[in-house]
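Line by line, the protein sequences give chains A and B. In this text, residue positions in the first sequence follow numbering that gives the first Met the number 0: the first is 0, and each later residue adds one. In this text, residue positions in the second sequence follow numbering that gives the first Met the number 0: the first is 0, and each later residue adds one. Where is the CB? At the ideal position from N, CA and C, for every residue including glycine. In what follows, a single structure is set out as structure tokens and then discussed.
2 protein chains.
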Amino acid sequence: MRRIVTLLYILFILSACADKINLNTRMVNTPEELEVAIKNAEAGDNIVLANGIWKDVRIKFIGEGTEDQPITIKAETPGKVVIEGVSDLKFGGKYLVVDGLHFRNGYSPSEAVLEFRIDEKTIGNHCTITNSIIEDFNKMHRDDTDLWVQFWGRHNTLSNSYIAGKTNRGPTIRVDLEGNESINNYHQILNNHFGPRPPKGGASGETIQIGNSFSSMSPSYTMVANNLFEACNGEVEIISSKTNFNEFRNNVFYKSEGSLVTRHGNYCTIDGNYFIGDGKNENIGGIRIINTGHWVTNNYFFNIKGKNFRSALAVMNGIPKSPLNRYNQVTDVVVAYNTYINCDSPWQFGVGQNLNQEDVLPPSEIRSARPIRTIIANNVIYNEKGDASPIIEHDKADGVTFKSNVINNQGVDFKAYEGLEAVNFGIEEIGKNILIPSSKIDIEPYQGFEFENISTDLVGNPRTDNNSIGAFTNTDFKDPNILDRSKYGPSWYSAEAEEKEPKTLIVSKAEILQSKIDEAENGDIISLEVGNYEIQKSLLINKRLTIQSADKSKVVLNYSGGENSPLFELQPKGFLNLKNVTLKGNNSQYAFASLNENMFTHFGLTVADCDISDFNYVLKVYKESFAERITFENTSISNCDNGLELSEETNDLGDYNTEYLTIHNCRFSNVKSNVIDYYRGGYDESTIGGNLLVTNSTFTNCGAQEKNGILINSHGIVNVDISNNTFKSNPVKLVALLWGAKNNSHSDNQINNSGEIRVEENLEMKLLY
Amino acid sequence: MRRIVTLLYILFILSACADKINLNTRMVNTPEELEVAIKNAEAGDNIVLANGIWKDVRIKFIGEGTEDQPITIKAETPGKVVIEGVSDLKFGGKYLVVDGLHFRNGYSPSEAVLEFRIDEKTIGNHCTITNSIIEDFNKMHRDDTDLWVQFWGRHNTLSNSYIAGKTNRGPTIRVDLEGNESINNYHQILNNHFGPRPPKGGASGETIQIGNSFSSMSPSYTMVANNLFEACNGEVEIISSKTNFNEFRNNVFYKSEGSLVTRHGNYCTIDGNYFIGDGKNENIGGIRIINTGHWVTNNYFFNIKGKNFRSALAVMNGIPKSPLNRYNQVTDVVVAYNTYINCDSPWQFGVGQNLNQEDVLPPSEIRSARPIRTIIANNVIYNEKGDASPIIEHDKADGVTFKSNVINNQGVDFKAYEGLEAVNFGIEEIGKNILIPSSKIDIEPYQGFEFENISTDLVGNPRTDNNSIGAFTNTDFKDPNILDRSKYGPSWYSAEAEEKEPKTLIVSKAEILQSKIDEAENGDIISLEVGNYEIQKSLLINKRLTIQSADKSKVVLNYSGGENSPLFELQPKGFLNLKNVTLKGNNSQYAFASLNENMFTHFGLTVADCDISDFNYVLKVYKESFAERITFENTSISNCDNGLELSEETNDLGDYNTEYLTIHNCRFSNVKSNVIDYYRGGYDESTIGGNLLVTNSTFTNCGAQEKNGILINSHGIVNVDISNNTFKSNPVKLVALLWGAKNNSHSDNQINNSGEIRVEENLEMKLLY
């Protein structure tokens with residue numbers, strides 16, 4: 000695409016040099032001038048936005064360019080034209096290009112920031128967004144759904160752009176196919192850098208979604224190629240392919256928590272992609288397969304530790320005669336010439352099998368249809384440490400044929416499969432994250448039906464001569480430098496994070512505390528001198544900040560603010576790390592709270608070595624607020640009406656308020672209710688959050704006013720571990736009610752006069768779909 | 000295709016003439032020789048089957064021809080090579096041609112008569128069956144499923160063949176797509192004559208089925224073009240398209256009871272077909288639309304009187320989030336440039352809407368999803384007699400857009416629709432069944448999205464200049480002679496029925512009756528002289544025959560045959576027309592019965608002006624027997640333990656034993672049970688049989704031993720009419736229990752001391768799917 004764009008420039012310059020250089024190029028300074036320029040633009044025209052901040056601008060880019068002479072809106076200097084405020088841009092017509100814009104500090108007033116149509120009748124075709132940025136352009140409320148780029152029509156392109164920071168509901172990019180105008184679309188999503196998308200805390204946080212179940216029968220032919228997906232952690236699906244004939248080629252999925260999922264639709268090609276994990280994080284996955292006829296070839300998986308839905312290759316069970324929006328059976332899938340290095344149990348079949356839930360789910364939710372006519376051939380597995388179960392069968396893999404696969408399992412035993420041979424081959428690191436067999440593995444590749452169409456390997460070497468199994472046909476090539484970020488996103492922007500030395504700001508008086516907080520920059524430290532701080536108004540935190548003292552017994556923050564006001568107000572982008580201080584309230588306020596409104600992006604909270612007492616709530620997380628992590632360590636919490644409350648997501652759409660809630664080595668005493676109240680409603684089999692860890696802590700005389708009689712409430716939370724705690728004289732019926740079918744566990748707790756921990760295998764949940 | 004075949008012949012002859020005429024052509028006389036010849040055949044070889052009857056031959060045609068040099072098996076003289084007995088033919092390999100064979104008097108021992116694969120590994124590609132006949136090649140039992148031509152692989156062809164008479168379970172032709180080897184198949188079904196397929200009496204009687212719901216996501220690209228479908232009455236779907244991208248072009252559907260149905264799968268093209276009804280038969284339908292993205296263009300509908308599921312254009316409601324095997328919503332369908340002449344309510348929307356069955360059916364059976372994004376444009380309706388409802392909305396057509404359609408409704412009022420204009424245009428008959436507007440209708444055709452792709456009209460005129468609405472752009476062309484049967488099927492065979500004058504054979508003695516029956520030919524008449532005929536053995540009927548006398552009071556057949564033996568044994572192809580005779584038994588036998596076994600094709604029975612008494616059963620129709628019509632008229636039935644029993648299809652798969660059971664002007668007295676017992680089990684919303692008509696008849700003292708207390712049993716029969724009868728002193732609870740939701744009715748009956756007729760709206764039925 001870059002080449003095409005370059006070519007178009009050259010063509011433009013050539014034609015411009017000829018006789019109409021000024022006619023063709025029009026500099027505009029205001030939205031009104033832009034509107035006029037668009038109205039008058041003809042094929043070949045170039046509209047240049049003057050450098051500066053364009054605020055609250057709604058661009059309807061309607062025009063008729065031609066293949067040779069597109070109409071272009073471009074920045075005077077790429078990156079110096081910033082779109083802020085309540086802004087969006089929509090295309091209608093054809094051969095229109097937008098080049099070099101930067102969207103930040105704002106949000107779209109419509110359903111999309113960039114959209115390839117004006118309305119149902121005025122659709123963009125052959126239009127391009129390139130060399131641009133969309134960053135943190137979130138709606139004010141998490142539940143307010145939008146998209147950042149919404150594809151309609153045909154032959155549209157998003158290329159060389161950097162897109163990061165979406166936290167509100169809705170996929171970052173979505174291709175829509177409703178209507179014959181938008182099928183057979185051949186859209187291209189190329190050379191982009193998809194930067195961090197933090198966990199959304201529930202569904203609808205995909206980075207790319209192509210179609211939906213209602214258009215899953217439509218031919219799409221969308222191409223997603225040569226993109227870098229970095230920390231795209233929004234939800235379990237990084238890419239959710241829901242239509243037919245899509246292609247995913249040569250992308251890099253780097254430390255992204257999720258998978259590329261063929262959720263609906265059929266006959267996709269997933270070829271030559273890199274899936275790079277960190278060797279620890281179990282949320283980082285690979286490819287999850289549902290439906291018919293996909294070809295998964297030439298992919299490279301490194302250090303993927305995801306399990307089950309998130310395993311390197313997860314082949315699901317379907318629902319017999321599935322409803323349109325659920326799980327069709329896997330049939331006719333080919334997985335060939337892939338390489339798996341240091342992945343845990345990389346091949347999992349029958350994922351999602353849930354026959355043990357027949358009593359609590361309707362038949363139309365039981366995934367009992369095993370994959371059929373599926374071929375796994377010519378793949379290579381290498382494990383530095385042997386893996387006792389490289390293949391996991393959640394249901395019998397009797398419809399799967401294995402041919403000419405090898406594994407170096409370091410001699411560790413595993414269940415034998417015909418077609419998976421243990422071979423002792425060496426491995427060589429040819430670049431960061433890239434390990435390949437150090438010599439050719441002497442196994443004849445299996446020639447399945449139409450395997451001759453897999454004509455090259457991951458790096459483009461032909462498979463005609465000297466073919467071999469695995470993603471790479473030979474060892475004689477250079478590091479592909481997959482993380483060279485100059486290959487992705489805009490040419491004028493580097494997404495490499497700058498390293499900055501934190502400053503420490505000393506504070507000794509309450510009066511200047513807020514102004515020092517305001518003065519501090521991201522990552523700085525506020526150091527509190529010894530003393531009592533009488534705080535009368537909430538401290539507002541909207542950046543990454545550490546506030547600490549040397550001795551909590553001598554640094555006390557006495558809060559005398561209004562009823563139900565928080566001592567620390569955690570605003571969007573407010574990440575507070577509080578260490579070694581004492582917080583005291585008058586029993587009517589909150590120690591920490593998120594905003595009740597307009598919590599347009601994430602916050603975070605770590606409290607360590609603190610004493611907290613005499614508040615109404617220790618922590619109140621309001622609806623639509625989300626923190627990736629909330630941690631309390633080595634902290635005592637006492638004499639509060641309520642403890643940690645994260646239970647306002649009661650619309651039961653699968654949302655929750657924090658990904659990780661960690662309580663370690665804390666002491667709770669005389670907290671009357673909501674001691675820990677962490678809620679997720681709505682059943683969705685594929686999401687694996689949130690996470691509650693309660694360890695090495697003591698709970699005494701807590702829960703006296705807890706209406707449901709449960710001390711630690713974790714309804715619907717998927718991962719819960721309650722271990723090594725002491726529960727003493729808490730007047731409750733249950734310490735906790737755990738969900739056995741999910742990853743809930745408890746161990747080594749001492750429980751005296753506090754009820755018990757109960758585990759129920761299946762909780763009754765409202766179905767999401 | 001003909002041209003290609005001709006070309007191949009020329010190529011063959013040219014190469015044969017060169018130097019290897021004898022090497023290339025090998026005459027074979029026995030199956031063993033054929034097997035050897037196939038084994039040794041090379042590209043370009045020609046294997047010639049010697050004329051004669053080849054019995055019990057199983058041909059595995061395995062070979063590797065080339066595009067230029069196929070391997071051919073052909074008849075010495077086309078049509079003189081007859082395959083009989085237990086025989087089949089399977090292809091494996093490529094570029095193989097079978098030419099000029101005639102399959103009759105037998106059946107396949109396998110799942111198909113002709114199959115384009117040997118087994119899962121040995122598949123035929125680029126293979127052709129041409130210039131051949133398959134006729135009455137039925138399995139011995141109706142429930143024994145098979146296919147007559149089963150497609151696998153890719154690029155296979157069935158052309159110029161005549162195929163008729165299938166009565167057992169299973170589509171006549173089926174295209175299978177399971178496995179990547181059989182998708183994108185581009186099979187061709189061209190220039191065939193599909194002759195009569197009688198009603199099967201239940202599901203699975205399609206003439207062509209392409210795929211099934213489990214492969215409904217697969218791209219198929221099967222072409223069905225230039226075929227004649229004549230009296231293809233097997234079931235409600237003549238063609239059941241169940242995969243994607245199929246094309247149906249320029250076919251003629253002539254007096255065929257059923258429709259072309261896009262049952263599953265999407266994006267089919269239905270262009271330039273003729274649907275010809277007889278102006279009376281409501282079973283003759285048009286096109287029924289389900290699913291997404293079909294284009295219905297340039298079709299011509301004449302005299303179609305089908306209603307609801309069988310209307311000329313039936314656009315169905317779907318089931319929201321339908322299960323895979325049920326009804327997806329209709330979306331993105333285009334119906335443009337079609338012509339409807341003298342069709343009753345040709346456009347019906349929301350067909351299958353069944354919200355009133357919410358109490359008796361599960362939600363996954365309720366068709367409440369109306370068509371959306373559907374365009375009906377540039378169509379012409381002409382009604383010789385005005386139609387009060389040219390459009391019927393079974394559910395609101397609010398997702399349907401009408402543009403530039405016209406109707407000549409002879410001034411008769413109808414509900415107004417924007418986009419359907421009443422215009423008074425003339426009509427002209429340019430050939431049999433072909434009526435077109437006599438002058439151009441002055442309406443600008445609507446130009447919808449991609450309408451420019453509808454580049455020609457029904458007869459191939461370009462739509463670029465002088466375009467007009469309707470199937471024909473101008474009136475200046477010749478009769479297309481769509482029923483010229485020389486255009487379809489084998490060149491050596493004429494499917495035109497011969498007219499033959501019936502002979503009358505006089506019989507005066509019981510002893511010669513069977514031999515005269517044997518001597519008679521199809522359509523002949525046996526005339527019984529006055530006298531008493533003592534019949535000791537069943538009379539076997541296996542042809543179309545009339546047996547009659549001049550005076551029933553003087554012609555009495557006294558049957559003394561064994562217990563439970565029938566006086567008339569109705570064998571396959573036995574169609575008995577009995578007139579004006581008296582039948583008497585000894586109370587232990589049957590008057591009429593089908594075969595208990597091997598009823599491999601239909602029978603029929605008409606009894607008029609007869610007296611029947613003293614039998615155990617008057618009529619016993621055994622399981623898997625089927626008659627299109629069974630009629631009793633002006634006949635008295637008395638003193639029998641049982642009456643008419645057609646109730647053995649108890650596996651509840653939707654089967655039944657006769658399409659039309661008609662009782663008119665008859666007198667039943669002292670028939671103890673099964674007076675009329677006609678059963679169909681299993682619920683299938685789209686089938687519209689059977690048909691029970693009971694009129695002007697008298698029932699006296701009947702039903703005394705009927706266990707369920709119902710005199711006339713019609714469980715599951717869709718069309719029932721009980722009118723103008725007299726029921727007197729029948730010791731039953733009910734005369735009949737009718738199904739209100741279906742087409743069951745009663746009127747003007749006199750009921751004395753015989754219970755009542757009850758109508759229940761919804762009967763509890765076992766779901767078929």
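Bounding residues of the alpha helix (DSSP H) (the contiguous stretch that carries E658 (chain A))
Premise fails: E658 (chain A) lies in the beta strand (DSSP E), 657-663, not in any alpha helix (DSSP H).
Which runs of the beta strand (DSSP E) at least 3 residues long sit entirely within the segment 405-447 of chain B? Give them in chain order.
419-421, 426-430, 433-436
Could you work out which residue in A:I390, A:S258, A:E357, A:A376 is closest to G349 (chain A) when comparing CA atoms only?
A:I390
Nearest chain C C-beta to K320 (chain A) closer than 8 Å, yes or no?
This model lacks chain C altogether, as its protein chains are A and B.
Beta-carbon proximity of S276 (chain A) to S258 (chain A), cut-off 8 Å:
Rather than Ser, the amino acid found at residue 276 (chain A) in this sequence is Gly. Not in contact: G276 (chain A) and S258 (chain A) (Cβ atoms no closer than 8 Å).
What are the residues that DSSP puts in a beta bridge with I374 (chain B)?
B:V333, B:T400
Around the Cβ of N724 (chain A), are there at least 16 other Cβ atoms within 10 angstroms (buried) or fewer (exposed)?
buried
Rounded C-beta distance between S212 (chain A) and L323 (chain A)? I'm assuming under 8 Å.
5 Å
Three-state class that DSSP yields for Q356 (chain B) in the structure shown
helix
For the beta strand (DSSP E) that contains I37 (chain A), what are its first and last residues?
First-last for I37 (chain A): 30-39, but that is the alpha helix (DSSP H), not the beta strand (DSSP E).
If you check the beta carbons only, do T472 (chain A) and N460 (chain A) fall under 8 Å apart?
yes
CB contact below 8 Å: T291 (chain A) versus chain B:
yes
Return the bridge partner residues of F698 (chain B) from the DSSP annotation.
B:F667, B:F726
Please tell me whether Y677 (chain B) and N712 (chain B) are closer than 8 Å, where the distance is taken between their beta carbons.
yes
Report the neighbours of F448 (chain A) on chain B: residues whose CB is nearer than 9 Å to its CB, in chain order.
G178, N179, E180
Cα separation between K508 (chain B) and I629 (chain B)?
28 Å
For E755 (chain B), which three-state DSSP category applies?
strand
Contacts around D358 (chain B), its chain only, beta-carbon distance under 6 Å, and the 5 residues preceding and following it disregarded:
none
From B:D135, B:N184, B:I133, B:T171, residue whose alpha carbon lies closest to that of W151 (chain B)
B:N184
Return the CA-CA distance between E596 (chain B) and Q570 (chain B), expressed in angstroms with no decimal places.
10 Å
For a cutoff of 8 Å on Cβ pairs, would you count S239 (chain A) as touching chain B?
no
For P362 (chain B), the three-state DSSP class (helix, strand or coil)
helix
Quick check: does the Cβ of F244 (chain B) come within less than 7 Å of any heavy atom belonging to the ligand MN?
Ligands are entirely absent from the displayed structure, and the ligand MN is therefore not among its contents.
Give the residues from the segment 297-317 of chain A that approach chain B closer than 8 Å (Cβ to any Cβ), ordered along the chain.
none
Per DSSP, cross-strand counterpart(s) of D27 (chain A)
First, the amino acid is wrong: residue 27 (chain A) is Val here, not Asp. Answer is A:L48.
Where does N21 (chain B) land, buried or exposed, given buried means 16+ other C-beta within 10 angstroms?
Because the pLDDT at N21 (chain B) is just 46, under 50, the model does not fix this residue reliably, and the point stays unresolved.
Any idea what DSSP makes of D87 (chain A), helix, strand or coil?
strand
Counting Cβ pairs closer than 8 Å, one from the segment 514-528 of chain A and one from the segment 538-546 of chain A, do we hit at least three?
yes
Please report how far the alpha carbon of G837 (chain A) lies from the alpha carbon of T605 (chain A), in whole angstroms.
A question about residue 837 (chain A) goes unanswered here, because the residues of chain A that appear run from 0 up to 768.
Closer than 7 Å by C-beta to N664 (chain A): which residues in its own chain qualify, once you throw out the five before and the five after it? Chain order, please.
E632, N633, N695, S696
With DSSP collapsed to three states, give me the class of I117 (chain A).
coil
Contact defined as beta carbons within less than 8 Å: I believe E66 (chain A) pairs with I122 (chain A). What is the distance between those atoms, to the nearest angstrom?
Actually they do not touch by this definition, with Cβ atoms about 17 Å apart.
Which residues, taken in chain order from the segment 204-223 of chain A, show a beta carbon closer than 9 Å to some beta carbon of chain B?
S212, F213, S214, S215, M216, S217, P218
Which value, in whole angstroms, describes the spacing of the CA atoms of W738 (chain A) and S744 (chain A)?
8 Å
Which whole runs of the beta strand (DSSP E) in the segment 527-555 of chain B are 3 residues long or more, in chain order?
530-534, 538-540, 543-548
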